[in-house]
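The sequence shown begins at 154 in my numbering and counts up by one.
These notes are about the structure you will find just below.
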Amino acid sequence: MDSPQNIHISDYNYDLPEERIAKFPMARRDQSKLLVYRHGEVTEDIFCNLPDYLPENALMVFNNTKVIQARLHFFKETGAQIEIFLLEPAIPADYEQMFQTHGRCSWYCLIGNLKKWKEGTLTRKLNTADGELVITATRGPQHGTSHRVDFEWELVSQPSALNSQPSTLNHQPSTLNSLPSTLNPQLSFAEVIDSIGELPIPPYLNRKSEESDKTTYQTVYSKIKGSVAAPTAGLHFTPEVLAAIDSKGIDREELTLHVGAGTFKPVKSEEIGGHEMHTEFFAVRRQTLEKLLQHDCHAITVGTTSVRTLESLYYIGLRLHVNPDRTADQMHISQWEPYTTNVAIPVSQAIRNILDWMDRNAADVFHGSTQIIIVPGYEYKIVERLVTNFHQPKSTLLLLVSAFVHGDWHRIYDYALGHDFRFLSYGDSSLLVP
Numbered sequence: 154m155d156s157p158q159n160i161h162i163s164d165y166n167y168d169l170p171e172e173r174i175a176k177f178p179m180a181r182r183d184q185s186k187l188l189v190y191r192h193g194e195v196t197e198d199i200f201c202n203l204p205d206y207l208p209e210n211a212l213m214v215f216n217n218t219k220v221i222q223a224r225l226h227f228f229k230e231t232g233a234q235i236e237i238f239l240l241e242p243a244i245p246a247d248y249e250q251m252f253q254t255h256g257r258c259s260w261y262c263l264i265g266n267l268k269k270w271k272e273g274t275l276t277r278k279l280n281t282a283d284g285e286l287v288i289t290a291t292r293g294p295q296h297g298t299s300h301r302v303d304f305e306w307e308l309v310s311q312p313s314a315l316n317s318q319p320s321t322l323n324h325q326p327s328t329l330n331s332l333p334s335t336l337n338p339q340l341s342f343a344e345v346i347d348s349i350g351e352l353p354i355p356p357y358l359n360r361k362s363e364e365s366d367k368t369t370y371q372t373v374y375s376k377i378k379g380s381v382a383a384p385t386a387g388l389h390f391t392p393e394v395l396a397a398i399d400s401k402g403i404d405r406e407e408l409t410l411h412v413g414a415g416t417f418k419p420v421k422s423e424e425i426g427g428h429e430m431h432t433e434f435f436a437v438r439r440q441t442l443e444k445l446l447q448h449d450c451h452a453i454t455v456g457t458t459s460v461r462t463l464e465s466l467y468y469i470g471l472r473l474h475v476n477p478d479r480t481a482d483q484m485h486i487s488q489w490e491p492y493t494t495n496v497a498i499p500v501s502q503a504i505r506n507i508l509d510w511m512d513r514n515a516a517d518v519f520h521g522s523t524q525i526i527i528v529p530g531y532e533y534k535i536v537e538r539l540v541t542n543f544h545q546p547k548s549t550l551l552l553l554v555s556a557f558v559h560g561d562w563h564r565i566y567d568y569a570l571g572h573d574f575r576f577l578s579y580g581d582s583s584l585l586v587p
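Structural data, given as structure tokens:
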């Protein structure tokens with residue numbers, strides 16, 4: 154076959170009217186519509202009935218990442234607003250350590266209104282019951298398409314001193330609330346952004362975030378903070394649906410892939426080979442890898458982020474097969490690696506190779522990163538069924554879906570468009586069985 158890099162993105166276009174993009178979720182998550190694609194046939198149902206279409210005693214994998222309030226607003230003395238969008242931890246680089254950091258940290262960020270912030274330090278001040286919290290942001294060097302931003306924060310005075318001074322914050326928006334009085338004076342960065350940050354809902358919703366998004370734009374099983382976009386296939390699940398899945402003897406496992414802003418990056422090149430995929434970081438527990446082996450390395454996967462993680466595991470195991478002594482910082486899969494490797498091993502052996510590496514390195518959680526792009530011509534190794542939403546035209550996610558259903562994506566999307574399905578992050582869902 155031709156090189157997958159020669160795929161024309163124009164072949165994966167369709168007309169998506171603005172009114173078909175769901176601006177808000179359903180009042181009840183599991184009442185969204187469910188398109189069921191099985192071996193070329195398309196039917197529909199309600200999402201709460203998803204367990205009826207799943208085989209008993211299977212393995213189902215979810216992404217438990219949690220969206221952070223990554224959009225921060227600062228103001229210059231001139232009144233110019235600077236938006237700082239948190240992308241990826243810089244110092245410390247570990248997500249868990251980052252959110253527990255006190256006093257100072259650094260992130261790689263996108264900066265809105267960058268031309269107005271050429272130098273200097275920006276300051277935000279907020280009143281708390283423990284005093285005045287001062288947060289500063291200093292612009293650092295460029296990092297690819299982003300910049301490093303250094304943050305520092307501290308409590309500098311007590312409420313009595315504040316009450317005797319005029320406020321200097323009149324130019325700040327009223328929607329940015331003061332910190333709750335129950336917070337410890339030694340605030341972690343997680344507490345800071347939970348209080349002053351804004352949830353970064355997708356740009357194609359064409360609206361400002363609302364208080365309700367803090368709940369509806371998180372999965373009910375979200376746990377590990379780090380994403381700037383939700384793994385939206387999981388937004389439809391409720392405790393009742395999860396309980397019904399459990400009642401069928403299905404093993405539920407969770408992994409963590411922190412979704413980056415690159416998930417919204419449009420494909421601008423005519424051929425997909427000209428598109429650079431973003432890198433995302435993931436973590437998989439030992440128990441999940443062992444469960445994969447128990448299920449013959451087959452899984453029902455919730456969302457494209459879980460797909461990218463599971464499929465990347467095979468190629469990491471393949472790397473370890475060639476060189477078992479790779480270090481932790483070499484656990485990265487590049488964009489086109491699956492299409493250029495000339496070595497093949499059983500999937501079970503690849504997973505065992507990772508477990509053996511974890512044994513040698515006394516690790517209970519495997520950390521890696523992936524830039525993998527899944528396009529038609531890709532051979533899936535682990536994912537057998539996929540729960541996913543409806544994706545944008547000419548997107549890498551639509552290419553992933555097309556690869557999964559062996560090019561039959563038109564049948565699925567034509568049906569959804571013709572039967573009043575809602576599209577994108579807050580839209581309806583599908584279960585795909587090729």
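Ideal Cβ placement from N, Cα and C applies to all residues, glycine included.
Backbone CA spacing between residue i and residue j [nearest angstrom]
i       : j       : result
Leu-473 : Phe-434 : 18 Å
Gly-580 : Ser-185 : 8 Å
Asn-337 : Asn-280 : Per-residue confidence for Asn-337 stands at a pLDDT of 47, beneath the threshold of 50, marking its modelled position as unreliable; no derived number is given.
His-448 : Ile-565 : 28 Å
His-300 : Val-309 : 28 Å
Ala-497 : Lys-271 : 51 Å
Thr-416 : His-431 : 7 Å
Gln-158 : Gly-273 : 43 Å
Ser-341 : Thr-291 : 18 Å
Thr-196 : Asn-542 : 15 Å
Gln-339 : Arg-257 : 11 Å
Thr-368 : Glu-230 : 34 Å
Met-213 : Val-220 : 21 Å
Distance between beta carbons of residue j and residue i, contact taken as under 8 Å
i       : j       : result
Leu-275 : Phe-227 : 4 Å
Gly-350 : Gln-253 : That pair is no contact at about 17 Å.
Ile-398 : Pro-204 : 5 Å
His-192 : Val-460 : Not confirmed; about 19 Å, so no contact.
Tyr-492 : Lys-534 : With 8 Å as the limit, Tyr-492 and Lys-534 do not qualify as a contact, their Cβ atoms being about 13 Å apart.
C-beta atoms of residue i and residue j nearer than 8 Å
i       : j       : result
Gly-297 : Ser-259 : no
Lys-176 : Arg-360 : yes
Gly-148 : Gly-456 : The requested residue 148 is not part of the displayed model; the chain covers only 154 to 587.
Leu-508 : Leu-442 : yes
Val-518 : Ala-436 : yes
Asn-210 : Ile-235 : no
Phe-238 : Leu-263 : yes
Leu-188 : Phe-576 : no
Thr-218 : Leu-358 : no
Ile-525 : Ser-465 : yes
Ala-503 : Gly-470 : yes
Phe-215 : Glu-393 : no
Pro-546 : Asn-166 : yes
Buried or exposed (CB count within 10 angstroms, at least 16 for buried), residue i
i       : result
Leu-225 : buried
Lys-269 : exposed
Leu-352 : buried
Asp-567 : exposed
Ser-380 : buried
Pro-356 : exposed
Leu-183 : Reading off the sequence, residue 183 comes out as Asp, not Leu. Classification for Asp-183: buried.
Ser-400 : exposed
Pro-499 : exposed
Arg-181 : exposed
Glu-364 : exposed
His-324 : Because His-324 carries a pLDDT of 37, less than 50, the predicted location of this residue cannot be relied on, and the following value inherits that uncertainty. That one is exposed.
Ser-375 : buried
Arg-479 : exposed
Thr-321 : Summary for Thr-321: the model assigns pLDDT 36, below 50, so the residue's position carries little reliability; its value from the coordinates is reported in the next sentence. Exposed.
Open item on the list: Under 8 Å, with one C-beta from each stretch per pair, do the segment 154-167 and the segment 420-430 reach the 3-pair mark?
Closed with: yes
Task: Touch test, the segment 528-539 against the segment 551-561, Cβ-Cβ under 8 Å, three pairs minimum - done: yes
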